[in-house]
Amino acid sequence: MGLRTQSGLSSANKTGLLMVGIRYGTVSITGNFRENNEDNYYIDSLNKYFLVADGMGGQSAGEKASQLAIELIPKKLNQLIDFENGNTERVIPSIDEAVSHANAEIMALGEVDPSCRSMGTTIVFVVQAGEKFFIGGVGDSRVYLLRNNTLHQLTTDHSLTQALVDAGTITPEEALTHRYKNVLYRYLGTKDGSAGTQTRQLDPLARDRILLCSDGVTDGISDEKLQEFLGQFDDPQKTAEEIVKTAQEGGSKDNITCIVLFID
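For the sequence shown, the residue numbers in the working numbering are 10 to 273.
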(Lines of atoms letter the chains of each structure in order from A and count residues from 1; the text may use other names and numbers.)
(Lines give C-alpha, C1' and ligand atoms only; values in the text may rest on other atoms or scores of the structure.)
Protein backbone atom coordinates (compact mmCIF):
# COMPACT_ATOMS: atom_id res chain seq x y z
CA MET A 1 0.00 0.00 0.00
CA GLY A 2 1.16 3.53 -0.66
CA LEU A 3 -0.18 6.82 0.59
CA ARG A 4 -3.51 6.82 2.43
CA THR A 5 -5.09 10.06 3.59
CA GLN A 6 -8.39 11.03 5.12
CA SER A 7 -9.78 14.20 6.61
CA GLY A 8 -13.14 14.99 8.08
CA LEU A 9 -15.51 16.81 10.37
CA SER A 10 -17.62 15.53 13.25
CA SER A 11 -21.09 14.23 12.31
CA ALA A 12 -22.49 14.89 15.77
CA ASN A 13 -25.11 17.37 14.60
CA LYS A 14 -26.59 14.80 12.22
CA THR A 15 -27.01 12.17 14.91
CA GLY A 16 -28.06 14.12 17.98
CA LEU A 17 -25.21 12.58 19.97
CA LEU A 18 -23.66 14.78 22.64
CA MET A 19 -20.20 14.53 21.14
CA VAL A 20 -17.29 16.94 21.32
CA GLY A 21 -16.60 18.77 18.05
CA ILE A 22 -13.59 17.22 16.31
CA ARG A 23 -11.80 17.95 13.06
CA TYR A 24 -9.28 15.37 11.95
CA GLY A 25 -6.67 14.55 9.36
CA THR A 26 -4.66 11.41 8.78
CA VAL A 27 -1.86 10.07 6.61
CA SER A 28 -0.43 6.54 6.29
CA ILE A 29 2.55 5.75 4.05
CA THR A 30 4.76 2.74 3.43
CA GLY A 31 7.90 4.83 3.94
CA ASN A 32 11.39 4.50 2.50
CA PHE A 33 12.45 1.10 3.82
CA ARG A 34 9.41 -1.21 3.72
CA GLU A 35 7.83 -3.09 0.84
CA ASN A 36 4.30 -3.03 2.27
CA ASN A 37 2.38 -0.98 4.80
CA GLU A 38 1.69 -2.98 7.97
CA ASP A 39 0.08 0.03 9.67
CA ASN A 40 -3.70 0.41 9.75
CA TYR A 41 -6.03 3.00 11.21
CA TYR A 42 -9.76 3.36 11.80
CA ILE A 43 -11.95 6.43 12.27
CA ASP A 44 -15.53 5.89 13.36
CA SER A 45 -18.02 7.66 11.11
CA LEU A 46 -19.48 9.48 14.14
CA ASN A 47 -16.05 10.21 15.66
CA LYS A 48 -16.78 7.90 18.61
CA TYR A 49 -13.30 6.41 18.42
CA PHE A 50 -10.01 6.62 16.55
CA LEU A 51 -7.50 3.74 16.28
CA VAL A 52 -3.95 3.31 15.00
CA ALA A 53 -2.33 -0.14 14.75
CA ASP A 54 1.23 -1.05 13.74
CA GLY A 55 1.58 -4.68 12.65
CA MET A 56 4.65 -6.87 12.89
CA GLY A 57 5.56 -10.33 11.72
CA GLY A 58 6.97 -9.98 8.22
CA GLN A 59 5.50 -10.72 4.81
CA SER A 60 1.77 -9.97 5.02
CA ALA A 61 1.33 -11.25 8.58
CA GLY A 62 1.84 -7.90 10.30
CA GLU A 63 -0.59 -6.24 7.94
CA LYS A 64 -3.13 -8.97 8.72
CA ALA A 65 -2.70 -8.53 12.49
CA SER A 66 -3.20 -4.77 12.40
CA GLN A 67 -6.18 -5.18 10.07
CA LEU A 68 -7.78 -7.65 12.46
CA ALA A 69 -7.30 -5.24 15.35
CA ILE A 70 -9.02 -2.34 13.61
CA GLU A 71 -11.84 -4.60 12.42
CA LEU A 72 -12.55 -6.45 15.67
CA ILE A 73 -12.09 -3.69 18.27
CA PRO A 74 -14.72 -1.33 16.76
CA LYS A 75 -17.31 -4.12 16.65
CA LYS A 76 -16.79 -4.86 20.34
CA LEU A 77 -16.77 -1.18 21.32
CA ASN A 78 -20.11 -0.71 19.58
CA GLN A 79 -21.54 -3.71 21.42
CA LEU A 80 -20.26 -2.79 24.86
CA ILE A 81 -20.38 1.01 25.15
CA ASP A 82 -23.34 3.39 25.21
CA PHE A 83 -21.37 6.34 23.88
CA GLU A 84 -24.03 8.95 24.63
CA ASN A 85 -25.59 7.85 27.92
CA GLY A 86 -23.31 5.10 29.15
CA ASN A 87 -21.81 4.86 32.60
CA THR A 88 -18.26 6.09 32.14
CA GLU A 89 -17.11 3.68 34.87
CA ARG A 90 -17.88 0.87 32.43
CA VAL A 91 -15.99 2.40 29.51
CA ILE A 92 -12.46 1.35 30.50
CA PRO A 93 -13.40 -2.29 31.27
CA SER A 94 -15.26 -2.36 27.97
CA ILE A 95 -12.22 -1.07 26.08
CA ASP A 96 -10.03 -3.66 27.78
CA GLU A 97 -12.50 -6.38 26.83
CA ALA A 98 -12.57 -5.23 23.19
CA VAL A 99 -8.78 -5.23 22.96
CA SER A 100 -8.53 -8.58 24.74
CA HIS A 101 -10.99 -10.06 22.25
CA ALA A 102 -8.89 -8.85 19.31
CA ASN A 103 -5.77 -10.18 20.99
CA ALA A 104 -7.32 -13.64 21.37
CA GLU A 105 -8.39 -13.73 17.74
CA ILE A 106 -4.96 -12.67 16.51
CA MET A 107 -3.33 -15.37 18.65
CA ALA A 108 -5.81 -17.98 17.40
CA LEU A 109 -5.13 -17.19 13.75
CA GLY A 110 -1.41 -17.35 14.39
CA GLU A 111 -1.81 -20.86 15.77
CA VAL A 112 -3.84 -22.27 12.85
CA ASP A 113 -2.23 -20.46 9.90
CA PRO A 114 1.54 -21.04 9.52
CA SER A 115 1.89 -17.84 7.47
CA CYS A 116 0.56 -15.84 10.43
CA ARG A 117 2.65 -17.48 13.15
CA SER A 118 4.28 -14.95 15.51
CA MET A 119 2.37 -12.05 13.99
CA GLY A 120 1.32 -9.19 16.22
CA THR A 121 0.30 -5.56 16.33
CA THR A 122 0.30 -2.52 18.54
CA ILE A 123 -2.88 -0.53 19.16
CA VAL A 124 -3.58 2.98 20.42
CA PHE A 125 -6.94 4.66 20.63
CA VAL A 126 -9.00 7.67 21.60
CA VAL A 127 -12.57 6.75 22.56
CA GLN A 128 -15.19 9.48 23.07
CA ALA A 129 -17.99 8.64 25.52
CA GLY A 130 -20.10 10.84 27.76
CA GLU A 131 -18.23 13.94 26.53
CA LYS A 132 -15.00 12.46 27.91
CA PHE A 133 -12.03 10.95 26.09
CA PHE A 134 -10.53 7.58 27.02
CA ILE A 135 -6.96 7.11 25.80
CA GLY A 136 -4.61 4.14 25.97
CA GLY A 137 -2.98 1.33 24.09
CA VAL A 138 -0.72 -1.70 23.94
CA GLY A 139 2.76 -1.64 22.37
CA ASP A 140 4.84 1.37 21.35
CA SER A 141 2.48 3.36 19.18
CA ARG A 142 1.65 6.58 21.00
CA VAL A 143 -0.95 9.22 21.78
CA TYR A 144 0.15 12.80 22.45
CA LEU A 145 -1.79 15.83 23.70
CA LEU A 146 -0.86 19.43 22.97
CA ARG A 147 -2.54 21.68 25.53
CA ASN A 148 -1.56 25.26 26.33
CA ASN A 149 1.49 24.91 24.06
CA THR A 150 2.82 21.97 26.10
CA LEU A 151 3.16 18.47 24.66
CA HIS A 152 2.20 15.50 26.85
CA GLN A 153 2.71 11.82 25.97
CA LEU A 154 -0.46 10.12 27.20
CA THR A 155 0.55 6.51 26.59
CA THR A 156 3.46 4.42 27.88
CA ASP A 157 5.64 2.38 25.52
CA HIS A 158 5.61 -1.35 26.28
CA SER A 159 9.21 -1.65 25.09
CA LEU A 160 12.33 -3.02 26.74
CA THR A 161 13.99 0.39 26.55
CA GLN A 162 11.09 2.05 28.36
CA ALA A 163 11.27 -0.66 31.03
CA LEU A 164 14.99 0.07 31.41
CA VAL A 165 14.26 3.80 31.69
CA ASP A 166 11.57 3.13 34.32
CA ALA A 167 14.05 0.99 36.27
CA GLY A 168 16.65 3.75 36.13
CA THR A 169 19.09 1.55 34.21
CA ILE A 170 19.36 3.89 31.23
CA THR A 171 18.41 7.51 30.62
CA PRO A 172 15.64 8.67 28.25
CA GLU A 173 18.35 10.05 25.97
CA GLU A 174 20.13 6.67 25.86
CA ALA A 175 16.81 4.99 25.06
CA LEU A 176 16.56 6.91 21.76
CA THR A 177 19.42 4.91 20.25
CA HIS A 178 19.39 1.76 22.40
CA ARG A 179 19.69 -1.59 20.59
CA TYR A 180 16.44 -2.79 22.20
CA LYS A 181 14.55 0.35 21.18
CA ASN A 182 12.06 -1.53 19.00
CA VAL A 183 11.75 -4.71 21.10
CA LEU A 184 8.31 -4.95 22.71
CA TYR A 185 7.36 -6.99 25.76
CA ARG A 186 3.63 -6.40 25.25
CA TYR A 187 1.59 -6.29 22.05
CA LEU A 188 -1.50 -7.92 20.58
CA GLY A 189 -0.70 -11.47 19.55
CA THR A 190 0.73 -12.60 22.91
CA LYS A 191 -0.82 -13.56 26.25
CA ASP A 192 0.34 -10.24 27.73
CA GLY A 193 -1.67 -8.45 25.05
CA SER A 194 -4.75 -9.02 27.19
CA ALA A 195 -3.25 -7.52 30.34
CA GLY A 196 -5.08 -4.19 30.02
CA THR A 197 -4.67 -0.99 28.04
CA GLN A 198 -3.67 1.47 30.81
CA THR A 199 -6.54 3.67 29.66
CA ARG A 200 -6.71 7.16 31.13
CA GLN A 201 -9.65 9.56 31.12
CA LEU A 202 -9.31 13.06 29.70
CA ASP A 203 -11.75 15.96 29.84
CA PRO A 204 -11.24 17.57 26.42
CA LEU A 205 -10.86 21.32 26.15
CA ALA A 206 -11.34 23.59 23.17
CA ARG A 207 -8.07 24.02 21.26
CA ASP A 208 -6.67 20.67 22.45
CA ARG A 209 -4.74 18.90 19.73
CA ILE A 210 -4.22 15.15 19.88
CA LEU A 211 -1.91 12.93 17.86
CA LEU A 212 -2.20 9.14 17.48
CA CYS A 213 0.80 7.64 15.70
CA SER A 214 2.78 4.52 14.93
CA ASP A 215 6.44 4.44 15.92
CA GLY A 216 7.30 5.29 12.33
CA VAL A 217 6.46 8.88 13.28
CA THR A 218 8.52 9.00 16.48
CA ASP A 219 11.40 7.17 14.77
CA GLY A 220 11.97 10.15 12.50
CA ILE A 221 10.80 13.26 14.36
CA SER A 222 11.48 14.70 17.80
CA ASP A 223 8.89 15.61 20.42
CA GLU A 224 9.97 19.23 19.99
CA LYS A 225 9.06 19.13 16.30
CA LEU A 226 5.76 17.39 17.05
CA GLN A 227 4.90 20.16 19.48
CA GLU A 228 5.82 22.78 16.88
CA PHE A 229 3.72 21.25 14.10
CA LEU A 230 0.67 20.56 16.29
CA GLY A 231 0.62 24.21 17.29
CA GLN A 232 1.59 25.73 13.95
CA PHE A 233 -1.25 24.88 11.55
CA ASP A 234 -4.99 25.52 11.60
CA ASP A 235 -5.81 22.50 9.41
CA PRO A 236 -5.46 18.98 10.92
CA GLN A 237 -4.86 17.41 7.50
CA LYS A 238 -2.01 19.83 6.79
CA THR A 239 -0.61 19.05 10.24
CA ALA A 240 -0.73 15.29 9.60
CA GLU A 241 0.95 15.69 6.21
CA GLU A 242 3.77 17.82 7.63
CA ILE A 243 4.39 15.41 10.52
CA VAL A 244 4.61 12.38 8.21
CA LYS A 245 6.74 14.20 5.63
CA THR A 246 9.19 15.36 8.31
CA ALA A 247 9.37 11.90 9.90
CA GLN A 248 10.12 10.35 6.51
CA GLU A 249 12.79 12.93 5.74
CA GLY A 250 14.14 12.45 9.27
CA GLY A 251 15.17 8.89 8.52
CA SER A 252 12.23 6.84 9.81
CA LYS A 253 12.81 3.20 8.88
CA ASP A 254 9.22 2.03 9.30
CA ASN A 255 5.76 2.63 7.93
CA ILE A 256 4.50 6.04 9.06
CA THR A 257 0.93 6.65 10.19
CA CYS A 258 -0.77 9.38 12.19
CA ILE A 259 -4.19 10.75 13.03
CA VAL A 260 -4.38 14.38 14.15
CA LEU A 261 -7.43 15.57 16.11
CA PHE A 262 -8.34 19.24 16.59
CA ILE A 263 -10.87 19.83 19.37
CA ASP A 264 -13.20 22.74 18.64
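Note that the Cβ used here is the ideal one computed from N, Cα and C, for glycine as well. The structure displayed is predicted, hence computed values, not measured ones.
If you reduce the DSSP assignment to three classes, tell me which class N46 lands in. As a first step, residue 46 must be located in the sequence shown, where it is residue number 37. If DSSP states are grouped into helix, strand and coil, N46 belongs with coil.
For P245, count neighbouring Cβ atoms within 10 angstroms of its own Cβ and tell me buried if that reaches 16, exposed if not. What you label residue 245 is simply residue 236 of the sequence shown in a count that begins at 1. Counting Cβ neighbours within 10 Å, P245 comes out buried, since at least 16 surround it.
Relative to the C-alpha of E251, which residue among A111, K262, L220 and P102 is closest? By 1-based counting over the sequence shown, the position of residue 251 is 242. It is L220.
When you compare each of V29, S150, F42 and N49 to V136 by their alpha carbons, which one comes out closest? As a working mapping, residue 136 is identified with position 127 in the sequence shown. Cα-wise, what sits closest to V136 is V29.
Spell out a yes or no on whether the region 224–244 and the region 252–270 are touching, meaning 3 or more CB-CB pairs, one atom from each, closer than 8 angstroms. Contact holds: three or more Cβ-Cβ distances are below 8 angstroms.
I'd like to check one pair, V253 with R33: are the Cβ atoms closer than 8 angstroms? For the purposes of this step, residue 33 is taken as the residue at position 24 of the sequence shown. For the purposes of this step, residue 253 is taken as the residue at position 244 of the sequence shown. The sequence shown places Tyr at residue 33, not Arg. No, the pair does not count as a contact, with Cβ atoms beyond the cut-off.
Bridge partners - M65, DSSP secondary structure assignment: Here residue 65 refers to the residue found at position 56 when the sequence shown is read from its first residue. According to DSSP, residue pairing for M65 in a beta bridge involves G129.
Using 8 angstroms as the threshold, is the region 210–218 in touch with the region 172–188, meaning 3 or more CB pairs across them? Touching, no.
Reducing DSSP to helix, strand and coil, say where F238 ends up. Counting from 1 along the sequence shown, the entry for residue 238 is found at position 229. DSSP places F238 in helix when its eight states are reduced to three.
Candidates P83, V121 and G146: which alpha carbon is nearest D201's? In the sequence shown, the residue the question calls residue 201 occupies position 192. Answer by Cα proximity: G146.
Going straight from the alpha carbon of A184 to that of V174, what length do you get? Reading the sequence shown from its first residue, position 175 is the one you call residue 184. Reading the sequence shown from its first residue, position 165 is the one you call residue 174. A184 and V174: Cα-Cα distance of roughly 7 angstroms.
Which class does V147 belong to by DSSP, given the choice of helix, strand or coil? Counted from its first residue, the sequence shown places residue 147 at position 138. Note: V147 maps to strand in three-state DSSP.
Counting only the same chain and skipping the five closest in sequence on each side, list residues whose C-beta sits under 6 angstroms from that of L154. Indexing the sequence shown from 1 puts residue 154 at position 145. The residues are H161, L163 and I219.
DSSP state of A176, grouped into three classes? Stepping through the sequence shown from its first residue, residue 176 is reached at position 167. A176 carries a coil assignment under DSSP once its states are collapsed to helix, strand and coil.
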